[in-house]
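**Q**
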Amino acid sequence: MKFYFLVLFIILLQSILLVGIFPSVLYVPNFLFIMLFVKAIQNGDILSKAFISSLLLDILYDTLGWVTSSHMLSLFLLKLFRSRFDIASKLSVVILGSFFILLEFLIRFLLFRIKYYYPFHTGWFMFMYLLDFVYLVYMSRKV
């Protein structure tokens with residue numbers, strides 16, 4: 008139950024507060040994905056929880072499966088990666104998390120660009136990635 012309250016808080020933070028600050032939904036830091044990533048490293052298989060929480064964020068963003076598809080694909084690839092390799096240290100979690108943040112953003116960007124042809128803004132991307140990275144380092148201290 009604690010998990011869902013935390014998810015609800017993060018989803019409301021992302022969909023209400025951060026959407027107003029950033030120029031597009033595309034460049035909003037994805038704190039929900041980072042939390043799901045760290046929980047997947049800790050607990051293993053959380054695809055059903057990830058689907059429910061991503062779907063709720065999709066409903067609040069009104070993006071028709073855009074967030075859910077990128078989260079589920081990235082977490083499925085993480086599950087495949089974990090079956091092959093052992094993630095033992097905090098440093099490996101941060102490095103792997105940074106890679107998966109970039110992968111998830113790339114999936115979202117490609118899906119968004121197909122529908123809206125939105126230009127890539129390097130400054131907003133770097134700011135979003137920096138916020139995601141700081142939150143990843145903060146969340147990975149529990150691993």
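So the sequence shown is residues 8 to 150, counted in this note's numbering. From the three backbone atoms N, C-alpha and C, an ideal C-beta is built for every residue, glycine too. Owing to the predicted nature of the structure, the values given are computational and were not obtained by experimental measurement.
If you draw a straight line from the alpha carbon of PHE40 to that of LEU33, how long is it in whole angstroms?
**A** Against the sequence shown, residue 40 aligns to sequence position 33. Against the sequence shown, residue 33 aligns to sequence position 26. When rounded, the distance between both Cα atoms is 14 Å.
**Q** Quick one: what does DSSP say GLY72 is sitting in, helix, strand or coil?
**A** Counting from one through the sequence shown, the residue named residue 72 turns up at place 65. Note: GLY72 maps to coil in three-state DSSP.
**Q** In the DSSP assignment, the alpha helix (DSSP H) including ALA47 goes from what residue to what residue?
**A** To locate residue 47, count along the sequence shown from 1; it is residue 40. It spans 38-50 - the alpha helix (DSSP H) in which ALA47 sits, taken as one unbroken run.
**Q** Find the nearest neighbour of ILE102 within the set ASP52, LYS122 and PHE44, judged by alpha-carbon distance.
**A** Position 95 of the sequence shown, counted from the start, is the residue given in the question as residue 102. Ranking the options by Cα distance to ILE102, first place goes to PHE44.
**Q** Let me know if GLY104 comes out buried or exposed under the rule of 16 or more other beta-carbons within 10 Å of its beta-carbon.
**A** Working through the sequence shown from its first residue, we reach residue 104 at position 97. GLY104 should be labelled buried.
**Q** Under the rule that 16 or more other beta-carbon atoms within 10 Å means buried, what is ILE17, buried or exposed?
**A** Locating residue 17 in the sequence shown gives position 10, counting from the first residue. With 16 or more other Cβ atoms within 10 Å, it is buried.
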